[in-house]
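J.: Okay, handing you the structure first.
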Ligand code: 26Q
């Protein structure tokens, strides 16, 4: 990175402003000021970007490609400034020009190309790879529309398209000259060429894949890796020429639209797999484009194709990019002339797979006919993999047809993508200890028995530079003051903060920082929602996708119960609380949408009831995204991680809250278990049915929610209030939730865990009353959070999978 000082920056900025806008700074809009700043910073990065690539080439370093359908990046401006170490200089220089950096930062649209956890994890991993000087790049799709924007109208979620590219994106560079051709449909014939059977593809539809590269800047190390996102265009300029020249304009447009639609939208569903052909097209499109460009680059570096796996590692983020396996085999055989055995061996050694879910409804399986028609060559290869695999199984388990049918890649007219991923890769990992154990012992037990060496755990992590340094600058300063800057590059050193917690002044500082953050959030809530909340109340937060298993309903029923109790006992002695929710529901997920409506209706009732509204308030914040999370997390006292045990593979917001000094109320699910191990059981509040019991009850069908409801007055009262007119004159309004709890036997044990949750919440209230002790626990959470940096996670991937 070149050295910049304030004066030279001011000159360059003014010059660039004129060049790009044709205006003087004082006549420009804030959007223009943001764009010019972004493009100037990108310019600064260019040299390091080039140098990084040349270094990798010269050192012949192994390069890692992280394939993901989703990258939930959020904003980039301030992260890039921090990693370049120039945020302060820029801030001062801009101030001289009468520009407030923080205002420009707020103008940047979120790059919201992901649904939630999986996409955000990919973004954190990119930062960690660059910051650890690992040659690791991202490969994905440049969706024209990101994850929808959520509006709440009359309590209900309304989806609005996220046209994020309406604002010019200063970070990306289009590289049309590095485009690739992707082939769909048509027929494949095996032809004899020089006494060799060669697959030839005819009558296919060709689509152009155009890459857009975004630099991924490492922290204070001059490394710049690449996030390459692909966009679909027609091959022959704009239109279907033939139709166009015959005057059939509408058909010509239709064709252009159908091609561009491949990369138009991100599927907004993270839990319910839907077998839409467009989704399959998206998957193959970016996989094929990414692989072709990787191999081109590899061969350009004089790489010997048979040694591909020594210089390239490909990681697939869940099964969504699993077509890399047959596609790589295709390229190696059809284009490079390798034998099946060679191609298979190289592919296997190159590809590794992470599983992110055990929800069976989220597992991808594609109809055979669909794959056959859309990707005829790929289908032949999958068939071959399946046949060879089944033959292997036969010799291992002769006669055990059931097992072979269970494990086959193709069965009952479907291709099972997880099976393809396990068979075709050399490593399969879960994302937290419990999750990996469940994969090994239950969900994938047959595969684990067959390939025990492939299975391993990599507990998730978060990028502590964004999720601590950036979003909580006062806490950052306090940490630096007390333990120095070492933790920035070595987050495990956060543990040094533990010793400082004996100092009353430090605890007081922590308290002030939190209060300050809460005041900021309270202002934001007032400005956006017109609700006044008390910054001295407990900020109790549940922000994540809305889903049955995450149990926002449990939280909401608990608030409804508390409301009842305060009405009964107006002098009840509790700490004031502000309940904060945020999250989006998949557009077709009616239960989740009903939950959003319930929270909003309950909020309205409570916030406007003078008998209680000085004690409790409920806020549902609209349009949850990365930037909103960045505002809420540093201001939270209590982090709600209350999924039904076994269902949340890991969770990552749990780690973000911990790192910012919130206490966690949690079930023993996902990475909550490791949070407990690290912070100690006295510094986290645990409740609820444990995973072993959940699994047992699932097996024995030994749970009847109706009995619980009938035998527990408080449960009955609160559940009845869903349909008895308490919250809505329309008694059918929350019928879906009601039926879920009673008629459909409460799949996620909301009622079963209700009392245990209430007790845990009472405990929280008591703990909070002893403020000094509470602050100390917050400090211990911060000090113990270093292992949850994605630097640790990435180092493990690197040591144990990629090299
Ligand atoms: C699949 C097929 C068709 C359409 C959509 C999908 C799809 C898209 C997104 C399926 C799943 C997802 C996302 C899953 C996800 O975010 N899982 C979360 O991953 C986090 C990172 O590992 C974990 O922390 C969470 O526990 C897990 O729920």
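Residue numbers (this note's numbering): 31 to 833.
Note that the Cβ used here is the ideal one computed from N, Cα and C, for glycine as well.
#1: Taking the continuous alpha helix (DSSP H) assigned at residue 503, which residues delimit it?
#2: Check whether the Cβ of residue 678 sits closer than 6 Å to any heavy atom of ligand 1, and report yes or no.
#3: Can you determine whether any heavy atom of ligand 1 sits closer than 6 Å to the C-beta of residue 394, and answer yes or no?
#4: Please report the Cβ distance between residue 70 and residue 96, rounded to the nearest whole angstrom; I am assuming they are in contact, meaning their Cβ atoms lie under 8 Å.
#5: Going by DSSP, what residue range makes up the beta strand (DSSP E) through residue 261?
#6: So what does DSSP say about residue 357, is it helix, strand or coil?
#7: With C-beta atoms as the reference, is residue 383 less than 7 Å away from residue 462?
#8: Under 6 Å from any heavy atom of ligand 1, does the C-beta of residue 303 make it?
#9: Under the three-state reduction of DSSP, which class applies to residue 669: helix, strand or coil?
#10: Whole angstroms are fine: how far does the CA of residue 59 sit from the CA of residue 127?
#11: Decide yes or no for the touch test of the stretch 167-180 against the stretch 600-607: beta carbon pairs closer than 8 Å, at least 3 of them.
#12: Roughly how far, in whole angstroms, is the beta-carbon of residue 259 from the beta-carbon of residue 172, given that I think they are within contact range, below 8 Å?
#13: Residue ranges of each beta strand (DSSP E) run of no fewer than 3 residues wholly in the stretch 310-395, ordered along the chain?
#14: DSSP three-state label for residue 204, please.
#15: Hey, could you find the ends of the alpha helix (DSSP H) residue 723 is sitting in?
#16: Do the stretch 738-749 and the stretch 619-631 touch if we need at least three Cβ pairs shorter than 8 Å?
#17: Closer than 8 Å is the cut-off here; do at least three beta carbon pairs connect the stretch 500-515 with the stretch 530-538?
#18: Within 6 Å: the Cβ of residue 222 and any heavy atom of ligand 1?
#19: Would you report the Cα separation of residue 296 and residue 236, rounded to the nearest angstrom?
#20: Per DSSP, residue 611 is paired with what?
#21: Compute the distance between the beta-carbons of residue 149 and residue 575, then report whether it is under 7 Å.
#22: Quick check on residue 457: does DSSP put it in helix, strand or coil?
#23: Pop quiz: residue 434 and residue 444 are said to be a contact at Cβ under 8 Å. What is the actual Cβ separation, rounded to whole angstroms?
#24: Nearer than 6 Å: is that true of the beta carbon of residue 386 relative to any heavy atom of ligand 1?
#25: Under 6 Å: does the beta carbon of residue 581 sit that close to some heavy atom of ligand 1?
#26: With DSSP as the reference, label residue 704 as helix, strand or coil.
#27: Measuring CB atoms only, is the stretch 96-106 touching the stretch 335-350, in the sense that at least three cross pairs come out at less than 8 Å?
#28: Compute the Euclidean distance between the alpha carbons of residue 224 and residue 391, then round it to the nearest angstrom.
#29: Cβ of residue 741 within 6 Å of any heavy atom in ligand 1?
#30: Using the Cα positions of residue 218 and residue 380, report the straight-line distance between them to the nearest angstrom.
#31: Identify whether residue 217 lies in helix, strand or coil by the three-state DSSP scheme.
#32: Could you check which residue in 634, 114 and 652 has the C-alpha nearest to that of residue 646?
#33: Using only CA atoms, which one of 497, 776, 206 and 600 lies nearest to residue 820?
#34: For residue 679, name the three-state secondary structure that DSSP assigns.
#35: Going by the beta-carbon positions, is the gap between residue 659 and residue 551 smaller than 7 Å?
#36: Who are residue 397's beta bridge partners in DSSP?
T.: According to the structure shown:
#1: 503-513
#2: yes
#3: yes
#4: Contact doesn't hold; Cβ gap of about 28 Å is too wide.
#5: 254-264
#6: helix
#7: no
#8: yes
#9: strand
#10: 14 Å
#11: no
#12: 4 Å
#13: 342-347 and 381-384
#14: strand
#15: 721-730
#16: no
#17: yes
#18: no
#19: 22 Å
#20: 572 and 650
#21: no
#22: strand
#23: The Cβ separation is near 16 Å, so there is no contact.
#24: yes
#25: no
#26: helix
#27: yes
#28: 48 Å
#29: no
#30: 26 Å
#31: strand
#32: 634
#33: 497
#34: coil
#35: no
#36: 444
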